[in-house]
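Enquirer: Residues 617 to 726, numbered by the working numbering, are exactly what the sequence shown covers, in order. The beta carbon of each residue, even a glycine, is placed where N, CA and C say it ideally should be.
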Amino acid sequence: MYNNLNEFPLILGCLWEGFVLGIFYDLLRLARIRGGIITALCDLLFSAAFFMLTAAVLFTLDSGRLRAYSLPVVLAGFLIWQYAPGRLVRCTLSSALNKLRRRRERRSRL
617 MYNNLNEFPL ILGCLWEGFV LGIFYDLLRL ARIRGGIITA LCDLLFSAAF FMLTAAVLFT
677 LDSGRLRAYS LPVVLAGFLI WQYAPGRLVR CTLSSALNKL RRRRERRSRL
C-alpha cells in the first residue's frame, strides 16, 4: 500500500543532500579564490559530486526514480545552507584568512 508518508524520507534526504553540497561548495570556494584553471577544476569537481550524490540519494531512498520535487528540494537545501549557517561559516573563514594575511604581511615587512 502506497502512502504519502513514504515521500517524507526522500524529502529529508534531498534536503540533507543540499546541505552537504552547500558545505562542499564552501570548501571549494577556498580553492576558487586563486582563479584560472583551478576554478574550472573546482567547478567540474562540484558538478561530479552533485551528480554522484544525487544518484546515490535517489537510488538509496527511491529506487532511482526522479520525482518532480527532488531537484527543487535539493536546491532549497543548498540555498538554506548558503543563506543561514553558510553565511556564518564564510564570515568566520574570511576573518580568519584576513588575520593570517595580515600576520604574513607583518612578517614580510620585518
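Let me check understanding here. Comparing Cα to Cα, which of Leu644, Leu631 and Ile627 lies closest to arginine 706?
Expert: Checked all of Leu644, Leu631 and Ile627; the closest Cα to arginine 706 is Leu644.
Enquirer: Quick one, are the C-beta atoms of proline 625 and leucine 687 less than 7 Å apart?
Expert: Not a contact, by the Cβ cut-off of 7 Å.
Enquirer: Mark glycine 629 as exposed unless 16 or more other C-beta atoms lie within 10 angstroms of its C-beta, in which case mark it buried.
Expert: So glycine 629 ends up on the buried side.
Enquirer: Have a look at phenylalanine 662 and aspartate 642 and give me their C-alpha separation to the nearest angstrom.
Expert: Spanning the two alpha carbons is a distance of roughly 10 Å.
Enquirer: Are glycine 651 and valine 690 closer than 7 Å when you measure CB to CB?
Expert: No, the pair does not count as a contact, with Cβ atoms beyond the cut-off.
Enquirer: Classify glycine 680: buried if its beta carbon has 16 or more other beta carbons within 10 angstroms, exposed otherwise.
Expert: Looking at its Cβ environment, which holds fewer than 16 other Cβ atoms inside 10 Å, glycine 680 is exposed.
Enquirer: Please classify leucine 657 as buried or exposed, where buried requires at least 16 neighbouring CB atoms within 10 angstroms.
Expert: Exposed, by the Cβ-count rule.
Enquirer: What is the rounded straight-line gap between the Cα of arginine 723 and the Cα of threonine 655?
Expert: Cα to Cα, arginine 723 sits roughly 29 Å from threonine 655.
Enquirer: Is it the case that the Cβ atoms of phenylalanine 640 and alanine 671 are separated by a distance below 7 Å?
Expert: No; because the gap between Cβ atoms is not below 7 Å, this pair is not in contact.
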